[in-house]
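Under my numbering, think of the first position of the sequence shown as 2, with each following residue one higher.
For each residue, glycine too, the CB sits at the ideal point set by N, CA and C.
Single-structure report; data block below.
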Amino acid sequence: MTRGADRGRFTFRRYAAFTTGMTLTLVMLGVYTAATGSGLACSQQWPLCDGGVLPQTVPSFIEWFHRLWAMVTGFLILGVAVWAWRADKPKRTRWAAAGATVLTPLQAVFGAVTVTFNGRLPGGYSMPVHAAHFVTGFGIFALLAYTALLSYEGRYGRDPLTRTRAALGVALACLLASVVFSRLPPLLDYAPWAQAAFYGVSLAGFGALTGATRWLGDVADDHGGRFRPATALAGALLFVAMLLGRDLVYYSPTVRLVNAVVVAGAVALVAGVGWALRREDGPGATPVYGSTDD
């Protein structure tokens, strides 16, 4: 299907972007639910809660609402994959959407396991399952963000260099905001709402870095190619910072120092690449169109 065929108010690109936003919100809800201890509020039951369908307490309502949001988002993710394949979207778009769909039921299984205690379900609320639950959710978001970014390429006639500069600006703003909400500075208490905000801005920053890394591949090789590994590394460092924020390891002074170095490295890479690209002139930024539909 050509780009011109995807018109109107209800388009694939808007649907993919909306679903990505729903997934980002789902991760924030999941973090908030876990941080408040509400994940275990439904009397170790899944998918029921408090012995029935509806919750009976505020904590169990938080867990119940998280499950409801997850169910709706899961169907939306399935819709992205079905639309991408039925509309014969570019190969990368189809496979990214399919990957997110494949991971979705696995994420639901990990979510169900994390709200049980060890003993009632072997290996229940344990650190490996907790880590798998977060990593799978992150993978779903990353694949959906990539799907949405691919569907928007070329939409507004901006060349890859202009889009990359904008993405790096968003990524840098999100990285700095994530520092404010993180457990690194003494500015804020790492309360449940701050944890949810930290992951919201961090995921948005990762999505922006994904776009920057992708679009640098469409900039002339003498300019884009040399910066691409730096933006990819910044995204990897941001992922490590998110892992350290989930209490997967004991947050000792040494871990705090590692966390600070990781975040500082990501900020330095993004700021450095952004500054370097600002100095590039027009002839060095010749776009390579047509490479987005392979």
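Count the other C-beta atoms from every protein chain shown that fall within 10 angstroms of the C-beta of residue i, then say buried if there are 16 or more, exposed otherwise.
{"i": "F11", "result": "exposed"}
{"i": "L69", "result": "exposed"}
{"i": "T74", "result": "buried"}
{"i": "D219", "result": "buried"}
{"i": "P161", "result": "buried"}
{"i": "V54", "result": "exposed"}
{"i": "P56", "result": "buried"}
{"i": "W276", "result": "exposed"}
{"i": "S88", "result": "The sequence given here places Ala at residue 88; Ser does not occur at that position. By the neighbour-count rule (16 or more Cβ atoms within 10 Å), A88 is not buried but exposed."}
{"i": "S292", "result": "In this prediction, S292 scores a pLDDT of 41, lower than 50, which makes its location untrustworthy; no coordinate-derived value is stated."}
{"i": "V339", "result": "Since the first residue of the chain shown is 2 and the last is 295, residue 339 is not available in this structure."}
{"i": "G138", "result": "buried"}
{"i": "R95", "result": "buried"}
In the DSSP assignment, what are the bridge partners of residue i?
{"i": "V256", "result": "Answer is none; V256 lacks a bridge partner."}
Please go through the same chain and pick out, in chain order, the residues whose beta-carbon is closer than 6 Å to the beta-carbon of residue i, but skip the five residues on each side of it.
{"i": "A98", "result": "V81, A82, A85 and T148"}
{"i": "G5", "result": "Bear in mind that a pLDDT of 44 at G5, under 50, signals an unreliable position, so the model cannot answer this."}
{"i": "A269", "result": "none"}
{"i": "F62", "result": "P56"}
{"i": "S39", "result": "P60, I63 and E64"}
{"i": "L210", "result": "A172, T232, A235 and G236"}
Grab me the residues of residue i's own chain with a C-beta within less than 7 Å of its C-beta, minus the 5 sequence neighbours each way, in chain order.
{"i": "A233", "result": "T214"}
{"i": "N260", "result": "L185, A242 and L245"}
{"i": "V130", "result": "F111, V114, T115 and G124"}
Thinking residue i and residue j are a contact (beta carbons under 8 Å), I'd like their distance in whole angstroms, please.
{"i": "A36", "j": "P187", "result": "A36 to P187, Cβ: 19 Å. No contact."}
{"i": "R184", "j": "G246", "result": "7 Å"}
For residue i, which residues in the same chain have their Cβ closer than 8 Å to its Cβ, ignoring the five residues on either side in sequence?
{"i": "Y153", "result": "R14 and A18"}
{"i": "G166", "result": "It should be pointed out that residue 166 corresponds to Arg in this sequence rather than to Gly. Hits under 8 Å: G275, L278 and R279."}
{"i": "A196", "result": "At residue 196 the sequence reads Gln, which differs from the Ala that was named. Taken in chain order, the residues that qualify are V32, Y33, A36, F182 and G246."}
{"i": "R229", "result": "T214, L217 and G218"}
(request) Would you be able to state if there are at least three C-beta pairs under 8 Å between the region 126–140 and the region 22–38? (result) yes
(message) With three or more C-beta pairs closer than 8 Å as the rule, is the region 173–183 touching the region 109–119?
(response) no
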